[in-house]
DNA sequence: TATGAATGAGCATTCATTCAT
DNA sequence: TATGAATGAATGCTCATTCAT
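Protein chains in written order, with our numbering: chain A, 1 to 201; chain B, 202 to 402; chain C, 403 to 603; chain D, 604 to 804.
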């Protein structure tokens, strides 16, 4: 598909520019110059500038889900020891963030520098991720795996905050430790810090 | 000083608006309408829009330092047991972030939705905070307080990520747990999760 | 001819759209969507958007002439009593306008909301119609049928203004009185108002 | 008032341009070049291009009312013989249209070459004028002044169509017969044609 | 010092037309 | 002959900043 490839190319160029400069500093002019296409062509593939960014955000979310699904293949979660499950979760996140630093930057650092509706889209994604983690932690507390007195909401935010910050620091800023073996080391290190404080020995 | 009060009022209105809508969605028109002053008056107190935001960022940084200095009063850090020192650090951050949710939002969520130079200012502040924490962790490792195999850089990011995320979640988003006693509970909870993983028993 | 039918269909769709929305509010996109043809196909049949509209205008003029010619068949104008001749003229106009309300709307209401050259085409048609009527009125004055002191130019405009306004009001706006018998009544009514003021008793 | 004068100047320039070229062919660029002001200045006085045109249309309507009010001063309508009343009405219209040919052109010839909402504004004005005339004719029929069998709706359109067409022809197109004495002659001529056909002798 | 009208560079978006397939 | 993706000039509008009063 020629058209699909073109659309994808456009998205890639836009992703890079948005990631480097942010939404408002990236002009349609920059995108078309970068993609070597005519001004009107952008609007053949996207309704407007907003739509381009939204599509990237949706991609980020889809890939998040896909990464999880991919990693889950061949893993029997129910039989996984809880500690391994936590590692699995941390690795999931890191693997995802390591895969596409530009998209990671978009998701983790765009924050409120976006039009209101895009901020909402970002928030929704955030809430969903935190919510899922909270639910899993709650389940583990109830089943005597995690400390009975653990504040689930706080813990979910703690872990998510820690992991995303680390992902941003290494993968986006320093562009290191992003190959599979190093990610494994990262997982172990993060796990070794957090696990003792939340698991029942 | 009439002029000083006017300048401060302007900053307060701008802070609220920037915090609510972000940099680019906040127009000078919004600020002057909100502050009930004339358009030109803004430029009597600030070089330009950028300067207003920079000033707010500088304030954030100054207050960060001031909060630490304030908390340090009457505390002999050298004689403080290491575990208490960590708690003290966590409490410092939380106290600061709880004090001014609007400023907190500015610092934690504006990200790359800013003109390039402001992004740099934000990054500088970030690096400084992380750097300081890293140095302290390094010292503690060397003196046998923390695990010898602890990755200092990773730990600093982990703790900072965890704490800022929690601050953002409770103080900015949910607007709860921001009074001193509840902050103490937060500190204990965060400490109880992280401490076992980093201290030498 | 398949091609001729296609061209005619295109004109019909364009006529409806132009009539409903005007020239500038009707986009080529609207026309091709409505006609279910491809964008490029339009330019196989017409030089450009302008050419479509011009063709419609030319059609309007041609049909005007055709309507007159049609009505004239079997009528010996020279032997027609002058009063009947006026009625005949009024009926001609009304019959024409009643036939195609969309075209009527195009001719009577597009006015200056057109590109300069189309305005000129519209004006030319207008002048021709008025001119012809003026000539006939002049002839009737000279031959002692109409009042000697009648201002021919003014009368032509008066009659044309009255008739077109009535046509627009009933046929385009209200979509009534457009069948032959009712047109006859309209003719009588218009005649009864204007005739006493212009004919020599 | 400096600002008021500027606004008025802007309206005058816009009126001329709109009248000469129509709505869509008149660009904001044309207006500011003509008025020798900056692009942004237009938007200090008007919300958008539409608003400029709307204001002109409103002015047209207001001046229509004002013209009538002005002419009515010192005239006792109730004691006016019906024939003089018709003349008075015709003169009113002509006086108004003669006063500002550019505005006249805007009102009489813009037709459907306008954005939908402006077309509606134009139609509303038209209906109001026709409606008022219809009411007056109806009253005159009921009181035995006009022919009992007169079709009031048709007559109102006939008179309005005749008068506006004549106004357009002389005042806008030919730019003649627009001084008070000549208007009086026009009134007499129009009256002499229409009156015999509608009044009861 | 305070004001607010004026400025104009900059931006997203539209749309008639072209042209390779 | 028909298609529809690509084009890019043109347009209305925004908004930070200036400056005369």
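Glycine is no exception: its CB is placed at the ideal position from the N, C-alpha and C atoms.
Where residue i falls: helix, strand or coil (DSSP)
| i | result |
| --- | --- |
| residue 347 of chain B | strand |
| residue 247 of chain B | coil |
Min CB distance residue i to chain D below 8 Å
| i | result |
| --- | --- |
| residue 408 of chain C | no |
| residue 511 of chain C | yes |
| residue 486 of chain C | no |
Same chain only: Cβ atoms within 6 Å of residue i, ignoring 5 sequence neighbours per side
| i | result |
| --- | --- |
| residue 449 of chain B | Residue 449 of chain B lies beyond the range of chain B shown here (202 to 402); nothing can be said about it. |
| residue 91 of chain A | 187 |
| residue 532 of chain C | 558, 562 |
| residue 371 of chain B | 377, 378 |
| residue 288 of chain A | Since the first residue shown for chain A is 1 and the last is 201, residue 288 of chain A is missing from the structure and cannot be characterised. |
| residue 724 of chain D | 660 |
Short CB-CB distance (under 8 Å) between residue i and chain A
| i | result |
| --- | --- |
| residue 334 of chain B | no |
| residue 301 of chain B | no |
Minimum Cβ-Cβ distance from residue i to chain C less than 8 Å
| i | result |
| --- | --- |
| residue 626 of chain D | yes |
Neighbourhood of residue i by C-beta distance below 8 Å, restricted to the same chain and skipping five residues each side
| i | result |
| --- | --- |
| residue 461 of chain C | 413, 505 |
| residue 214 of chain B | 232, 235, 236 |
| residue 501 of chain C | 465, 469 |
| residue 786 of chain D | 694, 697, 698, 701, 780 |
Contact with chain B by residue i, beta-carbon distance below 8 Å
| i | result |
| --- | --- |
| residue 197 of chain A | yes |
| residue 190 of chain A | yes |
| residue 193 of chain A | yes |
Cβ-based neighbour list, residue i, same chain, cut-off 7 Å, excluding 5 preceding and 5 following
| i | result |
| --- | --- |
| residue 602 of chain C | 546, 547, 548, 549 |
| residue 9 of chain A | 35 |
| residue 528 of chain C | none |
| residue 652 of chain D | 631 |
| residue 554 of chain C | 536, 539, 540, 543 |
* To do: Anything in the region 514-526 of chain C with a Cβ closer than 8 Å to a Cβ of chain D? List those residues in chain order, please.
  => Listed in chain order, the positions of the region 514-526 of chain C with a beta carbon within less than 8 Å of a beta carbon of chain D are 514, 515, 516, 517, 518, 521.
* What residues in the region 154-185 of chain A bring their beta carbon closer than 7 Å to a beta carbon of chain B? -> Contact annotation: in the region 154-185 of chain A, residues whose CB is within less than 7 Å of a CB in chain B are 154, 155, 157, 158, 160, 161, 162, 164, 165, 166, 169.
* Determine, using beta-carbon pairs with one atom in the region 64-77 of chain A and one in the region 265-279 of chain B, whether at least three such pairs fall under 8 Å. => At 8 Å Cβ cutoff, the stretches do not touch.
* **Residues in the region 226-247 of chain B having any Cβ partner in chain A nearer than 8 Å** => Along the region 226-247 of chain B, the positions whose C-beta sits under 8 Å from a C-beta of chain A are 226, read in chain order.
* At least three beta-carbon pairs within less than 8 Å, the region 342-359 of chain B to the region 138-150 of chain A -> Cβ pair count under 8 Å is below three, so no.
* Quick one: any contact between the region 281-298 of chain B and the region 237-255 of chain B, if contact means 3 or more CB pairs under 8 Å? -> Judged by Cβ distances under 8 Å, the region 281-298 of chain B makes no contact with the region 237-255 of chain B, as fewer than three pairs qualify.
* **Stretch-stretch touch, CB-based, cutoff 8 Å, three pairs: the region 350-370 of chain B with the region 151-162 of chain A** => The region 350-370 of chain B, when compared against the region 151-162 of chain A, does touch it at the 8 Å Cβ threshold.
* Asked: Between the region 712-721 of chain D and the region 418-433 of chain C, do three or more beta carbon pairs fall short of 8 Å?
  -> With a cut-off of 8 Å on Cβ pairs, the region 712-721 of chain D is in contact with the region 418-433 of chain C, counting three or more such pairs.
* Asked: Along the region 740-754 of chain D, what residues have a CB closer than 9 Å to any CB found in chain C?
  -> Listed by position along the chain: 750, 752, 753, 754.
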